[in-house]
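Just so we're aligned: the sequence shown equals residues 220 to 398 in our numbering.
Virtual Cβ for every residue (Gly too), placed ideally from N, Cα, C.
Computed from a prediction, not measured in an experiment: that's the story for all the values here.
Written below as structure tokens is the structure these notes are about.
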Amino acid sequence: MTTVLISGLGLIGSSLARMIRKSKPDATVLGSDPDSDTSQFMLDHQLMHHRIDFETGAVQADVIILAGPVSVITTQLATLARLNLKPGVLVTDVGSTKAAVLAAAQPLMDRHVAFLGGHPMAGSHKTGSAAGAIQLFMHASYFLVPGTATEAQLDILKAYWRPPSFTTLNYRLTATINS
């Protein structure tokens with residue numbers, strides 16, 4: 220069984236939670252978000268198993284998805300770099316910019332923690348966890364920026380994000396972005 224921490228349960232984070240719950244029902248989904256109403260919505264709709272603070276969830280997770288604003292993601296990467304994370308953990312993000320995220324992830328990667336930058340080319344005019352939907356990612360590309368993730372870890376992530384009924388979620392591996 221795999222434990223996934225999603226930090227940031229807005230439109231993208233809650234949509235990813237929906238996909239993970241559908242594609243890997245045996246995975247444990249932990250959620251971290253500063254908004255109590257958002258977290259309660261996710262619990263009430265069984266989109267996650269537990270609400271947890273970021274640091275506690277991070278040390279329990281096999282996969283960590285950073286789905287907040289880029290400024291929060293960079294701060295969280297610094298926090299992750301000082302925590303005793305599980306061996307083999309994969310850290311990824313959904314931030315809209317990559318140079319700052321990759322720079323912030325470097326200390327984590329220097330510790331041999333797998334990191335894979337990402338950005339789904341999907342969205343909506345709606346916001347928040349209630350607006351999330353599995354269909355948000357249909358016919359969408361999901362850009363992945365090389366980090367230190369192994370091919371096996373990349374395959375695990377793709378399996379989470381591609382429920383069996385989806386055939387149109389595209390992944391594009393982009394070149395490393397230098398700051």
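Nearest-angstrom Cα separation, counted from residue j out to residue i
{"i": "residue 363", "j": "residue 237", "result": "20 Å"}
{"i": "residue 248", "j": "residue 293", "result": "22 Å"}
{"i": "residue 350", "j": "residue 325", "result": "33 Å"}
{"i": "residue 298", "j": "residue 322", "result": "14 Å"}
{"i": "residue 224", "j": "residue 344", "result": "25 Å"}
{"i": "residue 370", "j": "residue 328", "result": "16 Å"}
{"i": "residue 291", "j": "residue 341", "result": "20 Å"}
{"i": "residue 375", "j": "residue 246", "result": "12 Å"}
{"i": "residue 256", "j": "residue 334", "result": "30 Å"}
{"i": "residue 269", "j": "residue 250", "result": "6 Å"}
Span of the alpha helix (DSSP H), counted from its first residue to its last, around residue i
{"i": "residue 326", "result": "318-329"}
{"i": "residue 232", "result": "230-242"}
{"i": "residue 260", "result": "255-263"}
N- and C-terminal bounds of the beta strand (DSSP E) containing residue i
{"i": "residue 281", "result": "Segment: none, residue 281 is in no beta strand (DSSP E) and carries neither H nor E."}
{"i": "residue 312", "result": "309-312"}
{"i": "residue 222", "result": "222-226"}
Nearest-angstrom beta carbon gap, residue j and residue i [assumed within contact, 8 Å]
{"i": "residue 305", "j": "residue 280", "result": "7 Å"}
{"i": "residue 355", "j": "residue 286", "result": "Contact doesn't hold; Cβ gap of about 12 Å is too wide."}
{"i": "residue 337", "j": "residue 312", "result": "6 Å"}
{"i": "residue 368", "j": "residue 296", "result": "Residue 368 to residue 296, Cβ: 14 Å. No contact."}
{"i": "residue 278", "j": "residue 302", "result": "6 Å"}
Contact test: residue i Cβ vs the ligand ZN heavy atom, cutoff 7 Å
{"i": "residue 248", "result": "The ligand ZN is not part of the structure shown, which contains no ligands of any sort."}
Assigned secondary structure, residue i (DSSP; H/G/I helix, E/B strand, else coil)
{"i": "residue 286", "result": "coil"}
{"i": "residue 293", "result": "helix"}
{"i": "residue 298", "result": "helix"}
{"i": "residue 249", "result": "strand"}
{"i": "residue 348", "result": "helix"}
{"i": "residue 363", "result": "strand"}
{"i": "residue 333", "result": "strand"}
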